[in-house]
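In the numbering used here, each number is its position in the sequence shown, counted from 1, plus 179. Ideal Cβ placement from N, Cα and C applies to all residues, glycine included. Remember, it's a predicted structure, so these values are computed and weren't measured experimentally. Remarks on the structure that follows.
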Amino acid sequence: MINPLRGMKDLIFEDSQKYVHIVTTAIKIAKNYGYSYIETPILEETALFKRSVGESSDIVGKEMYQFIDKGDNDVCMRPEGTAGIVRAFISNKLDRQDTVNRFYYYGPMFRYERPQKGRLRSFHQFGCESFGEASVYEDFTIVSMISDIFDALGIRYNLEINSLGDSNCMPAYREKLIGFLESKKESLCEDCNRRIATNPIRVLDCKNEHCRTILQDAPKLINNLCDTCKSDLDRLCQLLNENKIAYTINTNLVRGLDYYNKSAFEFVSTEVGAQSAIAGGGRYDKLVAFLGGRSTPAIGFAIGIERIMDLVQLPEKPREGLYLGALDERALSSLLQIAKDKRGEQRVHLEYEKKSLKSHLKNADKMGYLKACIIGEDELKNNTIWVKNLENKEEQNFPIEKF
Ligand code: HAM
Numbered sequence: 180m181i182n183p184l185r186g187m188k189d190l191i192f193e194d195s196q197k198y199v200h201i202v203t204t205a206i207k208i209a210k211n212y213g214y215s216y217i218e219t220p221i222l223e224e225t226a227l228f229k230r231s232v233g234e235s236s237d238i239v240g241k242e243m244y245q246f247i248d249k250g251d252n253d254v255c256m257r258p259e260g261t262a263g264i265v266r267a268f269i270s271n272k273l274d275r276q277d278t279v280n281r282f283y284y285y286g287p288m289f290r291y292e293r294p295q296k297g298r299l300r301s302f303h304q305f306g307c308e309s310f311g312e313a314s315v316y317e318d319f320t321i322v323s324m325i326s327d328i329f330d331a332l333g334i335r336y337n338l339e340i341n342s343l344g345d346s347n348c349m350p351a352y353r354e355k356l357i358g359f360l361e362s363k364k365e366s367l368c369e370d371c372n373r374r375i376a377t378n379p380i381r382v383l384d385c386k387n388e389h390c391r392t393i394l395q396d397a398p399k400l401i402n403n404l405c406d407t408c409k410s411d412l413d414r415l416c417q418l419l420n421e422n423k424i425a426y427t428i429n430t431n432l433v434r435g436l437d438y439y440n441k442s443a444f445e446f447v448s449t450e451v452g453a454q455s456a457i458a459g460g461g462r463y464d465k466l467v468a469f470l471g472g473r474s475t476p477a478i479g480f481a482i483g484i485e486r487i488m489d490l491v492q493l494p495e496k497p498r499e500g501l502y503l504g505a506l507d508e509r510a511l512s513s514l515l516q517i518a519k520d521k522r523g524e525q526r527v528h529l530e531y532e533k534k535s536l537k538s539h540l541k542n543a544d545k546m547g548y549l550k551a552c553i554i555g556e557d558e559l560k561n562n563t564i565w566v567k568n569l570e571n572k573e574e575q576n577f578p579i580e581k582f
């Protein structure tokens with residue numbers, strides 16, 4: 180027997196229904212916010228992820244599904260959606276237009292991580308990316324859209340925000356932080372020591388208890404922001420307050436991908452265990468230019484669908500559709516015709532097996548159909564069909580041509 184790969188699972192039974200429910204709920208809201216659908220290939224050149232997600236990130240350093248294809252190309256299964264969408268934005272010359280472009284997407288992502296609850300190697304995201312809008316109102320709108328999606332799905336969350344600064348304030352802060360980290364080098368863990376040289380900001384995110392204590396005294400980016408970044412963060416907080424979206428500022432929130440600047444945020448749940456981040460995102464104003472396009476401000480987010488599956492309740496399904504059954508095999512050709520006509524407008528089950536009326540009704544009830552439509556010997560003779568509404572129990576006979 181061949182089993183699925185470690186950290187990969189089928190979306191089947193209730194999970195597949197929840198997946199569809201989450202995605203359709205999110206799509207409806209994203210469309211109302213003016214987003215349109217984009218689908219990019221799962222496989223891209225490895226260089227795309229190395230340059231955007233960043234060589235020093237865990238994703239690129241340890242977790243990529245990377246291989247050489249038959250044409251000797253170095254390719255990678257996407258670990259996230261943003262890089263491919265920025266590539267598509269540039270490939271399709273949208274960076275040459277002066278309009279705002281907003282896209283939503285969903286589908287599988289691949290990271291070779293150590294599997295545990297809420298952490299898979301093949302998982303699904305729903306995400307949005309907005310290009311061409313530098314205003315902090317867009318940052319607020321994106322956060323507000325995610326909170327609408329979680330509200331619609333009945334999911335409670337805590338929102339954490341931070342500013343990662345921009346090219347004005349980040350370089351000076353980086354130097355200051357490196358100075359602090361160098362002075363504590365001996366006491367910090369191996370991972371932190373490696374990151375001092377490659378990506379010092381990520382040190383702030385270290386999960387090691389001992390490092391965390393030391394890092395409490397590290398200089399905070401929030402105290403070193405330039406005027407623009409500071410006023411944008413203040414404005415974002417003000418808009419969240421005015422709109423009653425609760426948040427906390429987490430000065431150690433740095434995100435695990437390198438492309439962010441200014442607003443960064445994570446939605447966390449206290450109900451899902453150790454892997455508590457249920458969505459994350461932020462601004463990435465430099466990425467389009469960095470990947471060779473014309474400089475375009477951008478912001479986006481992604482929700483981890485598997486992380487919220489256990490929190491989502493499926494809405495109760497109302498009875499719907501027609502169950503067609505024969506008491507006499509000769510009725511099947513009429514029922515086939517009816518099924519073909521009715522399937523244009525509703526769900527139809529045609530039972531091929533001749534059964535008793537009682538077992539047809541039981542079957543229809545179990546399958547959640549609203550109406551059982553049966554042809555027996557009398558109906559065959561009179562060219563009629565007997566219909567029972569399984570909700571209000573009403574029974575009726577119709578001439579077939581009027582049904
Ligand atoms: P991310 O924080 O790496 O951001 O992933 C977003 C969400 O995907 C996480 O908050 C988590 O819920 C889920 N997730 C990540 N890894 C796994 C895993 N191994 N198993 C299950 N769920 C997982 C991004 O991917 C960015 N592209 C978000 C973004 C879009 N930023 C700007 N635009």
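Item to check | Reference L490; option with closest CA among L332, I321, N271 | outcome: L332
Checklist entry - To the nearest angstrom, how far is it from the Cα of G250 to the Cα of E224? => result 12 Å
Next on the checklist: Can you give me the C-alpha to C-alpha distance between V254 and L415, rounded to a whole angstrom?
Outcome noted: 38 Å
Checklist entry - Is R281 near S231, with beta carbons less than 8 Å apart? => result no
Checklist entry - Are the Cβ atoms of S309 and I478 separated by less than 8 Å? => result yes
Item to check | Cβ pair F444, L343 closer than 8 Å | outcome: no
Item to check | Rounded Cβ spacing between A209 and M324 (contact assumed at less than 8 Å) | outcome: 7 Å
Checklist entry - Excluding five sequence neighbours on each side, which residues of the same chain lie with their C-beta closer than 6 Å to the C-beta of L419? => result Y426
Next on the checklist: For D411, tell me which candidate among I340, T219, L222 has the shortest Cα-Cα distance.
Outcome noted: I340
Item to check | K207 versus S346 - alpha carbon distance | outcome: 36 Å
Checklist entry - Start and end of the alpha helix (DSSP H) containing P350? => result 349 to 362
Checklist entry - Could you give the C-beta distance for I401 and I428, rounded to a whole number, given that I count them as a contact under 8 Å? => result 7 Å
Checklist entry - Would you say Y244 touches the ligand HAM, meaning its beta carbon is less than 7 Å from a heavy atom? => result no
Checklist entry - Of the choices Y438, L190, Y291, whose alpha-carbon is the least far from that of I380? => result Y438
Checklist entry - Where does I579 sit, in a helix, a strand or coil, going by DSSP? => result helix
Checklist entry - Excluding the five sequence neighbours on either side, which residues of its own chain have a C-beta within less than 8 Å of the C-beta of R473, listed in chain order? => result D274, R275, V467
Checklist entry - Under three-state DSSP, which class holds F289? => result strand
Checklist entry - Between the beta-carbon of K572 and the beta-carbon of Y502, is there less than 8 Å? => result no
Item to check | Candidates G500, L299, S512, P494: closest to T203 by CA position | outcome: P494
Next on the checklist: At 3 residues or longer, what runs of the beta strand (DSSP E) sit wholly inside the region 194 to 246?
Outcome noted: 222 to 224
Item to check | Residues near N542 in its chain [Cβ-Cβ closer than 8 Å; skip 5 each side] | outcome: Y502, G504, E530, K534
Item to check | Simplified DSSP assignment, three categories, for T427 | outcome: strand
Checklist entry - CA-CA distance, S512 and I553? => result 13 Å
Next on the checklist: What does DSSP give as the partner residue(s) for A477 in the beta ladder?
Outcome noted: F310
Checklist entry - For the candidate residues E242, R522, Q304, whose alpha-carbon lies nearest to that of T261? => result Q304
Checklist entry - When the Cα atoms are used, what is the spatial distance from G233 to I328? => result 29 Å
Checklist entry - Can you tell me whether DSSP reads F192 as helix, strand or coil? => result coil
Checklist entry - What are the boundary residues of the alpha helix (DSSP H) that includes A551? => result It is not in any alpha helix (DSSP H) - A551 instead sits in the beta strand (DSSP E) that spans 550 to 554.
Checklist entry - For G233, is the beta carbon positioned less than 7 Å from some heavy atom of the ligand HAM? => result no
Item to check | CB of F582 within 8 Å of CB of I517, strictly | outcome: yes
Checklist entry - I think D318 touches R462, with their Cβ atoms under 8 Å apart; what is that distance to the nearest whole Å? => result 7 Å
Next on the checklist: According to DSSP, is D370 part of a helix, a strand, or is it coil?
Outcome noted: helix
Item to check | Candidates L367, G311, A510, of which the one nearest I269 by Cα | outcome: G311
Checklist entry - Can we count L394 as close to the ligand HAM, meaning its CB is less than 7 Å from some heavy atom? => result no
Item to check | Nearest neighbour of I201, chosen from E556, I457, L559, M488 [CA to CA] | outcome: M488
Checklist entry - Could you give the residue range of the beta strand (DSSP E) that holds G154? => result Residue 154 is absent from the model: the chain starts at 180 and stops at 582.
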